[in-house]
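Below is one structure, written out as structure tokens; the observations come after it.
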Amino acid sequence: MPRKVVIAGGGLAGLASAAALGQAGYEVDLLESRAFLGGRATSYPIQDEVIDNCQHVLLRCCVNLLDFYARLGVAPGAVHFHRTFYFLEPGGRTSVLERGHLPAPLHFAGAFAGLDFLTLGEKAAIARAFLAILMEHGTRDDLDRITMLDWLREKGQPERAIARFWNQVLVSAINEDLDKMAARHGLQVFWLGFLASRDSYEMGIPAVPLGEVYGEAAWSAFPNVRIHTRVPVERMDAAGVQAGGRRWVADAYICALPYERVNAVAPGAGLDFSGWSHSPITGIHLWFDRTVTDLPHGTLLDRTMQWFFNKDGGRYLQLVVSASRGLTAVPREEVIALALRELAEFLPAVRAARLEKAHVVKEVRATFSAAPRLERPDPASEHVPGLFFAGDWIGTGWPATMEGAVRGGYLAAEAVSAWLGTPRRFLLPDIA
């Protein structure tokens, strides 16, 4: 008779656990308090549109996220991969970064030399830092105890190179400021995403709303996985899960809730989150009466707005500000005005366009802060037999990303299968 598992939480980690265990033959009940799935990576209707709460992207090196999409039967065309990165300066000058013909890790050498937004000295300093990453990633044992800014200054990086290159890439990738993120994660991003292989940097942008990725059709291939929405979980312990006015009993339980909710729901687990904090993300959605750009996306230098993404023929743009603590208390109208003012510095057509509608999404608890010396728990509870944890916040080896969440879900599924006497491997190794 198949063993039963109850999963609390329908974010990426819980969904990844459900898909892995479901394909392995387990009976799974997944409980989600909201009416939709995806957690912090989802979509919803607003102003006659369906929007993602924030622009989520992935890189080719996110092998477990891509594996999860494959399990759900997501069509390859549902994610568009881009080989070219555009760096825009105020005034509109654009630099292009894309791979050349040399093998990794030299595949960016030609394009890097042509980046106009950096001086020759800044490029030389960055090249020396790349060599240091090749030597120190995976070998240096103090990278979890220092910040990325500490490391960059140790390597003699000019302040302008830090602001225009390192900050621009890493704050968006990890959703944390350089002086707050652990150096290990910064080196990891550049090692896996830029240096390890020629195509690992390619940026995947979902071409459909994220909610469609995890929708009902995706789960029709999993008859032994039952999704229950609008079922808030109240308590979890070794005897079961109290949720939706009933008690759910199984052979194992996975808590895939955000870390800040775990101790309230599973107090017996005794996890220590003292010293943990969140880092916010702000997404600004702008609809214009005309095309304002033909670029698919771009990173914006020297301003508050960090990236824009072309969502519909240059008339609908989504702007993203990661680690956006400075915008948390700013009124919606002021955020929109700031976005328009800054965007016009990079895309002159914005000045003549009429803004038809706008929407601002502030994810105050978007991710945990990937700070130094952060002790992250294992997937198996030390105090409650049969209770397991899934999330980007467990010890995945990755920061708080979609890849990290799926890794957390797979690790929990592995721990459950081992505890029930049928060990399985779900987690795919990093590309290097």
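Here my numbering is used: the first residue of the sequence shown is 29, the next is one more, and so on.
We put the beta carbon where it would ideally sit given N, CA and C, even for glycine.
{"Asked": "Residues near Glu164 by beta carbon distance below 7 Å, same chain, minus five either side", "Found": "Leu215"}
{"Asked": "Residues that Ala36 bridges to, as DSSP identifies them", "Found": "Leu59 and Cys283"}
{"Asked": "DSSP state of Trp219 mapped onto helix, strand, coil", "Found": "helix"}
{"Asked": "Supposed contact pair Gly341 and Thr319 - C-beta distance, whole angstroms, cut 8 Å", "Found": "6 Å"}
{"Asked": "Rounded separation between Ile161 and Gln83 - CA only", "Found": "28 Å"}
{"Asked": "Beta-carbon gap between Ala280 and Ala418 smaller than 8 Å", "Found": "no"}
{"Asked": "Touching by the beta-carbon criterion (3+ pairs, under 8 Å), the stretch 90 to 100 and the stretch 238 to 254", "Found": "yes"}
{"Asked": "Coil, strand or helix - Ala351 by DSSP", "Found": "coil"}
{"Asked": "Beta-bridge partners of Asp80, as assigned by DSSP", "Found": "Ser71"}
{"Asked": "C-alpha distance - Gly221 paired with Thr122, whole-angstrom precision", "Found": "22 Å"}
{"Asked": "Member of Gly425, Gly239 and Ala44 whose CA lies at the smallest distance from the CA of Ala63", "Found": "Gly239"}
{"Asked": "CB contact flag (Lys390, Pro286, <8 Å)", "Found": "no"}
{"Asked": "Whether Ala294 touches Leu415 by CB criterion (8 Å)", "Found": "yes"}
{"Asked": "Span separating the alpha-carbon of Arg223 from that of Pro133", "Found": "According to the sequence provided, residue 223 is Leu. The question's Arg does not apply to it. Answer to the nearest angstrom: the Cα atoms are 5 Å apart."}
{"Asked": "Closest by C-alpha distance to Tyr438, when choosing among Gly38, Arg31, Ala48 and Val34", "Found": "Ala48"}
{"Asked": "Beta carbon of Ser302 nearer than 8 Å to that of Arg88", "Found": "no"}
{"Asked": "Cβ contact check for the stretch 43 to 62 and the stretch 108 to 116: 3 or more pairs under 8 Å", "Found": "no"}
{"Asked": "6 Å Cβ shell around His387 - same chain, five flanking residues per side excluded", "Found": "Ile74 and His313"}
{"Asked": "Separation of Val56 from Ala278, as counted between CA atoms", "Found": "9 Å"}
{"Asked": "Separation of Arg379 from Arg401, as counted between CA atoms", "Found": "46 Å"}
{"Asked": "Per-residue DSSP class, three states only, for Ala210", "Found": "strand"}
{"Asked": "Beta carbon of Leu146 nearer than 8 Å to that of Arg192", "Found": "yes"}
{"Asked": "Beta-carbon proximity list for His256, same chain, < 6 Å, skipping 5 on both sides", "Found": "Leu59"}
{"Asked": "Environment of Leu347 [buried if 16+ CB atoms lie within 10 Å]", "Found": "buried"}
{"Asked": "Buried or exposed by the 16-neighbour rule on C-beta atoms within 10 Å, applied to Pro260", "Found": "exposed"}
{"Asked": "Straight-line Cα distance separating Ser350 from Ala357", "Found": "15 Å"}
{"Asked": "Beta-bridge pairing of Gly326 - partner residues as DSSP gives them", "Found": "Phe336"}
{"Asked": "Helix, strand or coil at Glu384 [DSSP, three-state]", "Found": "strand"}
{"Asked": "Of the residues Ser445, Ala235 and Trp194, the one placed nearest Val217, counting alpha carbons only", "Found": "Trp194"}
{"Asked": "Contact with chain C by Ala155, beta-carbon distance below 8 Å", "Found": "Checking the listed chains, one finds no chain C in this structure; it contains a single protein chain."}
{"Asked": "With 16 other Cβ atoms within 10 Å as the buried cut-off, status of His129", "Found": "exposed"}
{"Asked": "Three CB pairs or more closer than 8 Å across the stretch 168 to 186 and the stretch 148 to 158", "Found": "yes"}
{"Asked": "Boundaries (first-last residue) of the alpha helix (DSSP H) holding Trp421", "Found": "Here Trp421 belongs to no alpha helix (DSSP H), and DSSP marks it neither H nor E."}
{"Asked": "When Leu368, Lys339 and Gly37 are compared against Arg331, the one with the closest alpha-carbon", "Found": "Leu368"}
{"Asked": "Residue from Trp421, Ala377 and Ala292 whose Cα sits closest to the Cα of Met264", "Found": "Ala292"}
{"Asked": "Contact check, Tyr242 vs Leu65, beta carbons under 8 Å", "Found": "yes"}
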